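Worksheet for the structure shown next.
In our numbering, the protein residues as written are 57 to 125.
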């Protein structure tokens, strides 16, 4: 997965590793397609800022889906 480029299944934008990790954390660890942070925020009816804060929170908690800073 490191060399493969993933895109959002909704809007087609290129995804970064944190967006992929967030999708796996929130929806399904075995997912093969993903939503970007914008599309996830629309789907969940929350702000992008909240999801960005959650990414940082999960990193601080040591969640192994996310790369450390």
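Even for Gly, the Cβ is constructed at its ideal location relative to N, Cα and C.
Just so it is clear, the structure is predicted and the values come from calculations on it, not from any experiment.
What separation, rounded to the nearest whole angstrom, lies between the Cα atoms of residue 114 and residue 99?
Computed Cα separation, rounded: 20 Å.
Beta-carbon separation of residue 75 and residue 92 under 8 Å?
Yes; because the gap between Cβ atoms is below 8 Å, this pair is in contact.
Cα-Cα separation, residue 35 to residue 87
Residue 35 is absent from the structure shown; the chain starts at 57 and stops at 125.
Could you tell me the alpha carbon to alpha carbon distance between residue 109 and residue 62, rounded to whole angstroms?
Those two C-alpha atoms are separated by around 22 Å.
Residue 77 and residue 122: beta carbons closer than 8 Å?
In this structure, residue 122 lies closer than 8 Å to residue 77 by Cβ.
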